[in-house]
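Peer 1: Letter 43 of the sequence shown, counting from 1, is numbered 71 in my numbering, and no numbers are missing. The beta-carbon is built from N, C-alpha and C at its ideal position, and this holds for glycine as well. Remember, predicted model here, so these are calculated numbers, not experimental data. This structure is in structure tokens; I'll ask about it shortly.
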Amino acid sequence: MTTSTEGRTALAAAALALLGGLVYAAGLVLDVVTLARFPADAGRIGVHAAVDGVLASVLLSGGVLLLRRHPAGRIACVAGSSAALLATLTSLVLAATGLAVVDLGGPGDLAAGGLAALALVLPPSAVTLALAASRPAARWVGVAPA
29 MTTSTEGRTA
39 LAAAALALLG
49 GLVYAAGLVL
59 DVVTLARFPA
69 DAGRIGVHAA
79 VDGVLASVLL
89 SGGVLLLRRH
99 PAGRIACVAG
109 SSAALLATLT
119 SLVLAATGLA
129 VVDLGGPGDL
139 AAGGLAALAL
149 VLPPSAVTLA
159 LAASRPAARW
169 VGVAPA
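Structure, rendered in structure tokens:
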């Protein structure tokens, strides 16, 4: 069992990156199912699937590499969690401006969709980013922080 601060910090970042990667992989599967069911909406679904695919691959590989104490894992965790934050915020802005639709089947769709995104994506992504970018995680992978 790892008892060092470096190990605990890096393992927490890796675990969160792996969980986030699994969430985006599940989203990719749902995008493929949605595309099969609603082919007329292929453009929007395709963009969403591409984002989910990139985020899943970066976060999953980052989590695995961080567990293996590889410096690229830390970089991938930082990049993946940053991209997840950016994608969520972009989606919220697009929905708020009317360029994208959040359809949950009732009144208050935008507010409910925004709350769900904020609650499910932003906190774990922000924590993953903070942990992976921290000095203890850098020491864990053998990078001397400046």
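(1) Taking the alpha-carbon of Ala38 as reference, which of Val51, Ser85, Val92 has the nearest alpha-carbon?
(2) If you count every other CB in all the chains shown that lies within 10 Å of the CB of Ser32, and 16 or more means buried, which is it?
(3) In whole angstroms, what separates the C-alpha of Ser85 from that of Ala124?
(4) Tell me, to the nearest whole angstrom, how far the beta carbon of Gly108 is from that of Leu122; I am working on the premise that it is less than 8 Å.
(5) So Leu159 and Leu44 are supposed to be a Cβ contact under 8 Å. How far apart are they, rounded?
(6) Once DSSP output is grouped into helix, strand and coil, what is the label at His98?
(7) What does the alpha-carbon distance come out to for the pair Ala42 and Val169?
(8) Is it the case that the Cβ atoms of Ala77 and Asp59 are separated by a distance below 7 Å?
(9) Using three-state DSSP, classify Gly170 as helix, strand or coil.
Peer 2: In brief:
(1) In the sequence shown, counting from the first residue as 1, residue 38 sits at position 10. Ranking the options by Cα distance to Ala38, first place goes to Val92.
(2) Numbered from its first residue, the sequence shown carries residue 32 at position 4. Exposed: under 16 other Cβ atoms inside 10 Å.
(3) Mapped onto the sequence shown, residue 85 falls at position 57. Mapped onto the sequence shown, residue 124 falls at position 96. Straight-line Cα distance between these residues: approximately 28 Å.
(4) Taking the sequence shown and counting its residues from 1, the one referred to as residue 108 is at position 80. Taking the sequence shown and counting its residues from 1, the one referred to as residue 122 is at position 94. Their Cβ separation, rounded to whole angstroms, is 21 Å, which puts Gly108 and Leu122 out of contact at 8 Å.
(5) Within the sequence shown, the letter at position 131 stands for residue 159. Within the sequence shown, the letter at position 16 stands for residue 44. 7 Å between Cβ atoms; contact.
(6) Taking the first residue of the sequence shown as position 1, residue 98 is located at position 70. Residue state, collapsed to three classes: coil.
(7) In the sequence shown, the residue the question calls residue 42 occupies position 14. In the sequence shown, the residue the question calls residue 169 occupies position 141. Taking the straight line joining both Cα atoms gives about 12 Å.
(8) Within the sequence shown, residue 77 is the residue found at index 49, counting from 1. Within the sequence shown, residue 59 is the residue found at index 31, counting from 1. For Ala77 and Asp59, yes; Cβs fall inside 7 Å.
(9) Here the question's residue 170 lines up with position 142 in the sequence shown. Gly170: coil per DSSP, three-state reduction.
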